[in-house]
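Beneath this line is the structure, given in structure tokens, with notes to follow.
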Amino acid sequence: MSENTTTTAVKRVFVKTWGCQMNVYDSERMTGLLKPLGYAPTDVVDDADLVILNTCHIREKAAEKVYSELGRLKPLKEERGMQIAVAGCVAQAEGAEITARAPQVDIVFGPQSYHKLPEMIARAARDKGEVLETHFDVEEKFDALAAHREADGYTAFVTVQEGCDKFCTFCVVPYTRGAEVSRHVDMITAEVRQLAAQGVREITLLGQNVNAWQSPAPAGTSGDAWGLGQLCRHLARVDGIDRIRFTTSHPRDMDDELIAAFGEEEKLMPYLHLPVQAGSDRILKAMNRGHTAESYIRTIEIIRAARPDIAISGDMIVGFPGEDDAAFEDTMALVREINYASCFSFKYSRRPGTPGATMAKQVAEDVKNERLQRLQALLEDQKQAFNAAQVGRTLPVLFEKHGRQAGQLIGRSPYLQSVFAVGDPALLGQIVDVRIDGTMTNSLAGSLARDAA
Ligand code: 5AD
Ligand code: SF4
30 MSENTTTTAV KRVFVKTWGC QMNVYDSERM TGLLKPLGYA PTDVVDDADL
80 VILNTCHIRE KAAEKVYSEL GRLKPLKEER GMQIAVAGCV AQAEGAEITA
130 RAPQVDIVFG PQSYHKLPEM IARAARDKGE VLETHFDVEE KFDALAAHRE
180 ADGYTAFVTV QEGCDKFCTF CVVPYTRGAE VSRHVDMITA EVRQLAAQGV
230 REITLLGQNV NAWQSPAPAG TSGDAWGLGQ LCRHLARVDG IDRIRFTTSH
280 PRDMDDELIA AFGEEEKLMP YLHLPVQAGS DRILKAMNRG HTAESYIRTI
330 EIIRAARPDI AISGDMIVGF PGEDDAAFED TMALVREINY ASCFSFKYSR
380 RPGTPGATMA KQVAEDVKNE RLQRLQALLE DQKQAFNAAQ VGRTLPVLFE
430 KHGRQAGQLI GRSPYLQSVF AVGDPALLGQ IVDVRIDGTM TNSLAGSLAR
480 DAA
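Under my numbering, think of the first position of the sequence shown as 30, with each following residue one higher.
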């Protein structure tokens, strides 16, 4: 290399992500923010100049997992001197405790401070001390993250709402993510237009309580505040956007307008994640869910009346304090009644600081295990039956990427199932009719309908 050639050394960032879609999305955005600073993402922690642990606090020994990961990173830091940052909900909950217990950490920041990452990195390097950012400043985060979004595929997540005011007694989210805040419709529309211009065809609107989203009507229009149903209809008019999804919803916020949108707006995909958590009214009350089993079942009936083919998914918790055999059987009965296309299920985990953690009648671990096994067996049967019911049908599939086998493409059905089919790579980014030939454990196999014809 000649003497007067200057090179910008590429720096590398390694991000490890735990937890929800929101975290996966935030990790992507952080990597995006760091690009202009010369950071390229790496999968190899040994190569990293910056390691970000994007943490989740929702279940199990979240903080302990983070500390043990930090323990593993310590010798690497001593050898290589990279920066270590802890982000996400554990960072928000633990704050300065993290750097006290793990002095190898340079930066601790909560979910509302990602946009300040470049500045925090500079500050940590300059001051050689730790940087702590755990304020709630959601509006500012929305503003900063919306700018210069780069899409790298045909599908994209768009944050429209953050936080939660529901205070379910098992859950840390209201404490770590703060109160419900919505992004303005005009900012969302601008971002979605930009994504569409970059080739995105499917968007998933994200929020911890996405269907609590509310915004003043768009600038220049009059009328009442908008809800999520109106937002979906509005975004369906953006040229290039052909599919809209949203997650995660709360049964209490499923309003008539949103349900009607499922019936009338073809671009709103027939898939709804609507967690119920339990099937016993006594347990739902102790969980502070604000709905009964019956009201949930009724809500699903109304949604199915509006969109008969809709796939319903959910979240279930077994072993919440006070759950006896009869209450657990109520959960099994509700699951049989709803018949889920897919559903996540968890053992109750005591989260320090939440009301559930100090409730009487905590359920023994072996009882939780046994209940979880029974529930998961039932949910797996329902999922397999739902997948098997697609065989022989022709479904529109948005092809997103290449499969592992030569010539194979992978995409998603309207019901969010992964679908494999052999096809021309030119079909990537297109929505193509695929005849479903068979099922695999977690996906469907198909062939292009026009080949089969
Ligand atoms: N224990 C077990 N599961 C939990 N969830 C949230 N908090 C807990 C907890 N303390 C589950 C709920 C929620 C999902 C994201 O995680 O089912 O819907
Ligand atoms: Fe947690 Fe309940 Fe809020 Fe969902 S609605 S984030 S489970 S408190």
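In this text, a Cβ means the ideal position worked out from N, Cα and C, and glycines have one as well.
Beta-carbon gap between residue i and residue j smaller than 7 Å
i: residue 206; j: residue 228; result: no
i: residue 87; j: residue 44; result: no
i: residue 397; j: residue 440; result: no
i: residue 308; j: residue 359; result: yes
i: residue 150; j: residue 133; result: no
i: residue 142; j: residue 162; result: yes
i: residue 328; j: residue 302; result: no
i: residue 452; j: residue 473; result: no
i: residue 66; j: residue 147; result: yes
i: residue 56; j: residue 46; result: yes
i: residue 68; j: residue 106; result: no
i: residue 463; j: residue 407; result: no
i: residue 116; j: residue 138; result: yes
i: residue 363; j: residue 322; result: yes
Local conformation of residue i per DSSP, three classes
i: residue 184; result: strand
i: residue 425; result: strand
i: residue 68; result: strand
i: residue 431; result: strand
i: residue 345; result: strand
i: residue 476; result: strand
i: residue 275; result: strand
i: residue 303; result: coil
i: residue 125; result: helix
i: residue 97; result: helix
i: residue 247; result: coil
i: residue 138; result: strand
i: residue 288; result: helix
i: residue 191; result: strand
i: residue 396; result: helix
i: residue 117; result: helix
i: residue 449; result: strand
i: residue 35; result: Confidence at residue 35 is low in this model, with a pLDDT of 40, below 50, so its placement is unreliable and the value that follows should be read with caution. Residue state, collapsed to three classes: coil.
Bounding residues of the alpha helix (DSSP H) (the contiguous stretch that carries residue i)
i: residue 362; result: 354 to 367
i: residue 391; result: From DSSP, residue 391 is part of no alpha helix (DSSP H); its letter is neither H nor E.
i: residue 222; result: 214 to 226
i: residue 312; result: 310 to 315
i: residue 52; result: 50 to 63
i: residue 151; result: 146 to 156
i: residue 202; result: 202 to 205
i: residue 372; result: Careful: residue 372 lies outside any alpha helix (DSSP H), inside the beta strand (DSSP E) at 371 to 376.
i: residue 262; result: 257 to 264
Endpoints, beta strand (DSSP E) assigned at residue i
i: residue 43; result: 40 to 46
i: residue 84; result: 79 to 84
i: residue 464; result: 460 to 468
i: residue 324; result: Looking at the DSSP string, residue 324 is not in any beta strand (DSSP E); the run it does join, the alpha helix (DSSP H), is 322 to 335.
i: residue 382; result: Residue 382 -> no beta strand (DSSP E), and no H or E assigned at all.
i: residue 233; result: 231 to 235
i: residue 439; result: 437 to 441
Problem - Residues passing the C-beta test against the ligand 5AD heavy atoms, cut-off 5 Å - result: 87, 88, 199, 200, 304, 344, 346, 375, 377, 378 and 380
Handout entry: Contact the stretch 368 to 386 vs the stretch 330 to 338: 3+ CB pairs below 8 Å
Key = no
Problem - Three CB pairs or more closer than 8 Å across the stretch 237 to 249 and the stretch 206 to 220 - result: yes
Handout entry: Segment contact flag, the stretch 181 to 190 with the stretch 217 to 226, C-beta cutoff 8 Å, min 3 pairs
Key = yes
Exercise for the section: Taking 8 Å as the threshold, find out whether the stretch 426 to 436 comes into contact with the stretch 388 to 396 through three or more Cβ pairs. Expected result: no
Problem - the stretch 278 to 289 / the stretch 308 to 317 touching (three or more Cβ pairs under 8 Å) - result: no
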